[in-house]
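For what it's worth, my numbering labels the leading residue of the sequence shown as 3, then goes sequentially.
Where a beta carbon is used, it is the ideal one built from N, C-alpha and C, also for glycine.
All of these numbers come straight from a predicted model, not from anything done at the bench.
Encoded as structure tokens, the structure appears first; notes follow it.
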Amino acid sequence: MRLKYLLLAVFLLLAVNVNAQTSREGSLSGFIYDDANKEALIGVNIYFPELGIGGSSNTSGYYIIPQIPAGSYTVVCEYIGY
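Here is the structure:
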């Protein structure tokens with residue numbers, strides 16, 4: 003159940019920036035928080051399995067994955083204990 007809230011938070015807080023006229027790349031960034039206590043989740047791995055790229059959240063729960071080619075992908079979030 004907590005993983006469901008974690009994934010919901012990721013998708014609600016993410017920002018995808020794609021400029022189709024000048025670049026065929028975008029980025030994914032956002033903050034990840036625990037739904038129960040609203041604390042930042044440190045070290046959450048966020049990645050695109052199809053592309054082999056990703057990142058992890060910092061001490062503020064913030065993450066950014068730059069230079070994502072245009073397209074539709076699966077986003078995977080993993081955190082030990084959830």
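Name the DSSP bridge partner or partners of residue i?
| i | result |
| --- | --- |
| Tyr75 | Answer by DSSP bridge pairing: none, since Tyr75 is not bridged. |
| Leu43 | In the DSSP output, where bridge partners are listed per residue, Leu43 has none listed. |
| Tyr64 | Phe33 |
| Ile70 | Gly28 |
Among the options, which residue has its Cα nearest to the Cα of residue i?
| i | options | result |
| --- | --- | --- |
| Ser29 | Glu80, Phe50, Lys40, Asp37 | Phe50 |
Using the rule of at least 16 other Cβ atoms within 10 Å of the residue's Cβ for burial, across every protein chain shown, is residue i buried or exposed?
| i | result |
| --- | --- |
| Ile66 | exposed |
| Ser62 | exposed |
| Ile70 | buried |
| Val78 | exposed |
| Gly54 | exposed |
| Gly32 | buried |
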